[in-house]
Amino acid sequence: MTAPRLSSAPQTPIGRIPVLDVTPSVDGGLRPAKSVVHEPFPVTARVFREGHDAVNASVAITDPDGRTAYVPMRSTNVGLSLWEAQVAADREGLWSFRVEGWSDPYGTWHHDAVIKVEAGVDVELMLEEGALVLERALAEVERSHEQQQVLREAVAALRDTSRPVPERLYAGAGDAVARELTARPLRDFVSPSPEQSWLVERPLALAGAWYEIFPRSEGAYQDEDGTWHTGTLRTAAERLPAIRDMGFDVVYLTPVHPIGTTNRKGPNNTLTAGPLDPGSPYAIGSAAGGHDAIEPSLGTFEDFDAFVARARELGLEVALDIALQCSPDHPWVTEHPEWFTTRADGTIAYAENPPKKYQDIYPLNFDNDPDGIYQAVRDVIQVWIDHGVTAFRVDNPHTKPVEFWQWLISDVAASRPDIIWLAEAFTKPAMMHTLGKIGFQQSYTYYAWRNEKWEIEEYVRELAGDAAAYMRPSFWPTTHDILTPYMQYGGPAAWKVRAALAATLVPTYGIYAGYELMEHVARPGAEEQVDNEKYQLKDRRWADYAPGGAKEGQSLDGYLRTLNQVRHWHPSLRLLRNITFHHCDDENIIVFSKTARTLSGHDDTVIVVANLDPHSTRESWVHLDMPALGLGYGDGFVAHDEMTQQSWHWGQDNFVRLGRDAEPAHIIHVRRF
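Everything in the sequence shown is counted per the numbering used here, starting at 13 for the first residue and increasing by one.
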């Protein structure tokens, strides 16, 4: 009796030369991998074949105009059939790539000919087969006259019986022919992987330094009787030269919209506000308008335009906080009550993040009228784009539908692909990663709470690994909502080292105004600033810290300026995937390096050594992985500290002393002898 034949499920053909496990592949190719212009973009795959003939692989990259170029891959692990290549895009737009596996006739001949000819086996046959392979390469692959000449000369030499056999073999198997056939190979049985989409964005999407301000505090002051006077957009513009001089790229404004009066919060998030208390700028909306309007006490759109113009004049971009929530006084509450959640008692539900309560805020309910809310928000975004905003920091995006953000970012990108979106999503990793996959260029991270060496290394390896294909981290040591115990009690060493690490571990970082003054006093029972700027005005008296001022020398503005200069000098610090961690005998001292190939073809290498213990000075030995620096284990180099301008001769093992009575971090430029 014949056994029944079982039907099999349909399968995608594997190809004559199998190509598997192509990376990066975001959600199986459903969403694009990301890079920025000129950023090294790593592509890997498993490529193999049956038998012993040579196999090879290439990356085919297709630009936004449909032109395809090929980049050779190299085998990184023969046993595991792993291949990789670094590619880069020279302009923005939607690119694609695929990996092509192929049989390599020249590689097969080269391998066999070297073995057989040197052993005296089938010598003339092998040399003739080499000439035939090169003739195929001449006939089947387009080449310039000079490129053809390299192969023609090799063919003639392979057949020239008047020459010694080793010379004939080298003519066909030598470096000149190998280079030509690496650049323009003869490929049989080409087997492509599925096409992967690749979104290339402008450099600021990956690397930048952000500076956050509450515009109303810049220029605010208090009379002798205690009465406060608000700053305005015009007075905030006066702060821009100082921000530029510290080397920041983006000035980020907390919401500038009208603030509601119903349930307005008082100082330190109290439930009763006095008649002069300004309220939280996150309680958006009043009789003066909603998200598409400006708080009257700050000024007008003419003032906003002047702020943006001044920022641009100084080389700064302007980012605006987008908080999709409403004060009870917002026009949307009256015009579209269906956009909110109504409780059983008929009241509209205010926002809560237990134990925090936000009685002055109504969250939008996107399920009740998604079409209406989508269009209203899109209109708001366009207002601010039309007034010069080029980046949006989005407040709590994880509390809104992911599909909404995907639609909004895509719709904006159709006409303004330069707009950058930063997700303030302190939430579960799955949500943070998905927001990156569907369009957010950058994301806040857990950096503020990663203080031990092992957890920093573990976290950064995660961010610089597979996740780097779609989620770009932004490191903030503090924010207007976050002041960790490390920052409360660590003193100046903590404020220096956390800024230095934020600025060097990843390519984008930010600080909140007042960081340079080391504002470290927390509200009792909370990890946030006392007299929080969200609920009241703050006069930081910047002039007191300027040269000749009463507090000259007590600000970290010079330290931040140097950090940003170092980031500007070193392209290696503006990349994410290029980090290597090194060893130190002291578990409180972290050591890492970054290397990048500059556009001029030189290697830029930086080593960072930082003492994570802000309470003591520590001495220890650092042990460097020299090959990761492009050096041999017996080599030496000049270690030039960019923060102090000191230099030492370093090698594999080096003594360091860092801490409270010394600088807490070295940022070292590796200068080769």
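Ideal Cβ positions, reconstructed from N, Cα and C, are used throughout, including at glycine. The model shown is predicted, which means the values in this text are computed figures rather than measured ones.
Taking C-beta atoms as the reference points, Ala481 and Pro36 count as a pair closer than 8 Å. If you draw a straight line from the Cα of Leu144 to the Cα of Val167, it is about 8 Å long.
A Cβ-Cβ distance of about 24 Å is found for the pair Ser339 and Ile397, leaving them out of contact under the 8 Å criterion. Within the region 511 to 596, complete alpha helix (DSSP H) segments of at least 4 residues are found at 569 to 581, given in chain order. Leu376 has Phe352 as its beta-bridge partners, per DSSP.
Residue range Pro382 to Asp398 is occupied by the alpha helix (DSSP H) that includes Asp391. The Cβ neighbour count for Trp114, taken over all protein chains shown within 10 Å, is at least 16; the residue is labelled buried. The continuous alpha helix (DSSP H) containing Glu130 extends over residues Pro117 to Ala131. Under the three-state reduction of DSSP, His445 is assigned to helix. Between Val111 and Ser209, the alpha-carbon positions lie close to 12 Å from each other. Counting C-beta pairs with one atom in each stretch, the region 644 to 659 and the region 529 to 546 have fewer than three that are closer than 8 Å, which means they do not touch. According to DSSP, Ser632 shares a beta bridge with Val668. If you compare the alpha carbons of Asp187, Val71, Ser205 and Val177 with that of Asp33, the shortest gap goes to Ser205.
Within the same chain, Trp240, His241, Thr242, Gly243, Leu549, Lys550 and Asp551 come within 7 Å of Ala232 by CB-CB distance, once the 5 residues on both sides are set aside. Beta-bridge partners assigned by DSSP to Val682: Ala651.
DSSP lists Lys46 and Leu106 as the bridge partner or partners of Leu211. Take the alpha-carbon of Val177 and the one of Ser93: they are about 34 Å apart. Minimum Cα-Cα distance from Glu631 among the listed residues Asn666, Thr617, Thr656 and His652 corresponds to Asn666. DSSP, read as helix, strand or coil, puts Asp261 in coil.
Less than 8 Å separates the beta-carbon of Ile523 from that of Ala511. If you ignore the 5 residues before and after Ala435, its C-beta comes within less than 6 Å of the C-beta of Val406, Pro409, Leu447, Phe452 and Ser455, all in its own chain and listed in chain order. Under DSSP, Tyr182 takes part in no beta bridge, so it has no partner.
Here Tyr223 is buried: its Cβ has 16 or more other Cβ atoms, across all protein chains shown, within 10 Å. In the structure shown, the three-state DSSP call for Gln454 is strand. Close CB contacts of Glu528 within its chain, under the 7 Å cut and outside five residues either way in sequence, are with Ser567, Leu568, Asp569 and Leu572 (chain order). Per DSSP, Val135 is one residue of the alpha helix (DSSP H) stretching across Val135 to Glu152.
The beta carbon of Val620 sits closer than 6 Å to those of Thr516, Phe604 and Ile679, all from its chain and outside the five residues before and after it, given in chain order. The secondary-structure analysis by DSSP pairs Ser174 with nothing; it has no beta-bridge partner.
Met499 is not a Cβ neighbour of Pro485, given a cutoff of 8 Å. By the 16-neighbour rule on beta-carbons within 10 angstroms, Lys412 is buried. Secondary structure within the region 294 to 370: the beta strand (DSSP E) runs of 3 or more consecutive residues, fully enclosed, are 329 to 334, 363 to 365 and 368 to 370 (chain order). Counting the other Cβ atoms within 10 Å of the Cβ of Tyr501 gives fewer than 16, which makes it exposed. Membership of Ser87 in the beta strand (DSSP E) is indicated by the continuous run Arg86 to Asn89. Around the Cβ of Ala331, a 10 Å sphere holds 16 or more other Cβ atoms; the residue is buried. Beta-carbon to beta-carbon, Val682 and Leu641 are separated by about 6 Å, close enough to satisfy the 8 Å threshold. Looking at Ala169, Glu675, Leu575 and Lys606, the one whose alpha-carbon comes closest to that of Ala221 is Leu575.
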